[in-house]
Amino acid sequence: MTLTLRHGLLAVAAISVGGAAFELAAERHWQSWEQLVPWATLGVLVLALALCAFGRSPRGAAVVRVLAGVVLLAALFGVYEHVSVNLASGPLDQRYADTWDTLGPLTQWWYALSKTVGPTPPLAPGMLAQSALLLVLATFAAPRRAGVPEESRTRASA
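Encoded structure:
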């Protein structure tokens with residue numbers, strides 16, 4: 040059962056990585072160094088995906104988890120950057136130009152986070168975080184090692 044779960048997690052992670060790559064390419068997301076960060080994280084995710092799919096050692100699982108942690112940090116940076124850009128463009132939005140300064144900070148942040156104002160999708164970096172978390176989960180659904188009964192593995196990990 041855990042092998043099927045592992046394959047499912049790896050498949051969804053691979054689909055998410057492919058979807059993120061397509062979205063970045065469609066948006067031509069390479070105009071500045073900040074826009075290259077998600078491309079680098081996609082490379083890290085592909086490496087972690089390969090290690091997770093073909094590696095079977097505890098050390099490999101640890102490396103996948105560290106790489107996923109790096110991607111999670113980059114994803115948080117991406118959310119921050121996107122919200123900041125949207126927040127800065129709030130006063131320029133024709134719907135809120137006259138009232139932006141009268142809105143409370145929480146309302147301004149909500150509008151920036153929900154892309155009510157601004158051009159950048161703050162949740163797009165979430166695709167990267169989702170892929171990283173899927174890979175971490177896949178490391179816990181480790182395949183059986185040959186010659187070790189399931190009972191022994193369960194007792195050893197408890």
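Under this note's numbering, the first residue of the sequence shown carries the number 40, and numbering increases by one thereafter.
Note that the Cβ used here is the ideal one computed from N, Cα and C, for glycine as well.
As the structure is a prediction and not an experimental result, all values here were calculated from the model.
Helix or strand or just coil, what does DSSP make of V156? coil
Straight-line CA distance for L42 to A180? 7 Å
Per-residue DSSP class, three states only, for W69: DSSP places W69 outside both helix and strand once states are collapsed to three, so it counts as coil.
Check whether the Cβ atoms of A100 and L126 lie closer than 8 Å to each other. Contact: no.
Measuring alpha carbon to alpha carbon, tell me which of V175, A177, L115 and A171 ends up nearest V56. A171
Does DSSP put P97 in a helix, in a strand, or in coil? If DSSP states are grouped into helix, strand and coil, P97 belongs with the helices.
Given a cut-off of 8 Å, decide if A92 and L49 are closer than it, judged by their beta-carbon atoms. yes
Is it true that the CB of V156 sits closer than 8 Å to the CB of R104? no
Three or more beta-carbon pairs under 8 Å between the stretch 131-142 and the stretch 105-122, yes or no? no
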